[in-house]
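These notes concern the structure reproduced below.
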Amino acid sequence: MSAAGNKPRVAVLISGSGSNLQSLIDAAHAPNYPAEIALVLSNVATAYGIERANKAGIPVKVISHNDFADRSSFEAALAASLAEFKIEYVCLAGFMRILTADFVRLWAGRMLNIHPSLLPAFKGRNVHAQALAAGVTISGCTVHLVTPELDDGPIIVQAAVPVLPDDDEAHLAKRILAEEHRIYPQALAWLASGRINVADDDKTAQARARLGSLINPPV
Ligand code: GAR
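Going letter by letter, the sequence shown gives residues 54 to 272 in the numbering used here.
The following block contains the structure:
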């Protein structure tokens with residue numbers, strides 16, 4: 054088995070451009086990076102991130118939410134692919150679907166998200182517009198463990214970015230994105246090398262007991 058084959062296997066879930074995916078792919082090329090990007094899952098067939106994955110020789114699965122009657126059957130398909138590819142960690146990288154509490158709890162402590170604000174400020178969509186409207190002088194980005202509440206969960210790392218007097222959404226987004234590309238590979242490296250541990254709460258423990266056999270390796 055190659056050295057890369059021994060590393061924890063990571064799936065990156067995308068819906069769009071995939072520039073954060075690219076930063077993870079680039080970081081994982083380093084021989085001493087502690088994780089392998091083993092699967093890219095997109096819920097959008099035209100997402101540019103798929104091309105990035107193809108170029109890097111990473112398997113891609115397109116699972117469109119539109120093909121499923123409800124969130125849980127969509128997530129069952131996601132779970133099946135994650136199990137098929139023996140995925141141990143999941144990175145949400147511009148994945149614009151809300152996941153159910155059961156799915157999130159199943160991956161508790163193993164699923165990261167990146168969000169383009171200094172959480173807990175400015176959750177949800179139109180984040181940069183929210184920051185500009187609020188008149189903050191500093192914004193930034195956050196990598197956090199995913200918990201059932203949207204854009205919540207234990208914060209792993211943040212980067213601050215000044216808001217300039219003549220900023221618009223596009224300029225602010227661009228400067229924040231550059232910081233996202235710096236902190237996401239760092240956060241994944243910490244997680245995949247076992248440096249981040251969070252105890253399960255009761256509901257998470259119950260969800261694992263009910264559904265844990267669905268993921269591989271089982272919990
Ligand atoms: C990134 O800015 C990411 O933080 C944001 O979507 C963008 C995806 O860009 N995610 C969210 O807003 C999630 N709440 P990318 O596809 O180029 O990585």
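C-beta atoms are modelled at their ideal positions from N, C-alpha and C, and glycine is treated no differently.
Specify the secondary structure class of residue i as computed by DSSP and reduced to three states.
i, result
"Lys114", "strand"
"Ser70", "coil"
"His197", "strand"
"Ser76", "helix"
"Ile236", "helix"
"Arg248", "coil"
"Ala231", "helix"
"Leu241", "helix"
"Ala64", "strand"
"Leu145", "strand"
"Asn59", "helix"
Where do the N-terminal and C-terminal ends of the alpha helix (DSSP H) with residue i fall, by residue?
i, result
"Ser134", "124 to 137"
"Ile208", "Taken as a continuous stretch (DSSP letters only), Ile208 belongs to no alpha helix (DSSP H), being part of the beta strand (DSSP E) at 208 to 215."
"Tyr101", "101 to 109"
Just checking: is the beta-carbon of residue i within a distance shorter than 8 Å of some beta-carbon in chain D?
i, result
"Val115", "Here chain D cannot be found, since the structure has a single protein chain."
What is the residue span of the beta strand (DSSP E) that residue i lies within?
i, result
"Leu264", "It is not in any beta strand (DSSP E) - Leu264 instead sits in the alpha helix (DSSP H) that spans 255 to 264."
"Val93", "89 to 95"
Exercise for the section: Pick out the complete beta strand (DSSP E) segments inside the segment 149 to 185, 3 residues or longer, and give them in chain order. Expected result: 164 to 168
Problem - Three CB pairs or more closer than 8 Å across the segment 109 to 120 and the segment 92 to 99 - result: yes
Practice task
Would you check if the segment 247 to 258 and the segment 183 to 192 touch, i.e. whether three or more CB-CB distances between them fall below 8 Å?
Solution key: no
Practice task
Check whether the segment 135 to 146 touches the segment 155 to 166, counting contact only when three or more Cβ pairs, one atom from each stretch, lie closer than 8 Å.
Solution key: yes
Problem - Cβ contact (3+ pairs, closer than 8 Å) linking the segment 60 to 77 and the segment 216 to 234 - result: yes
Practice task
Give a yes or no on contact between the segment 195 to 209 and the segment 144 to 159, applying the rule of three or more CB pairs nearer than 8 Å.
Solution key: yes
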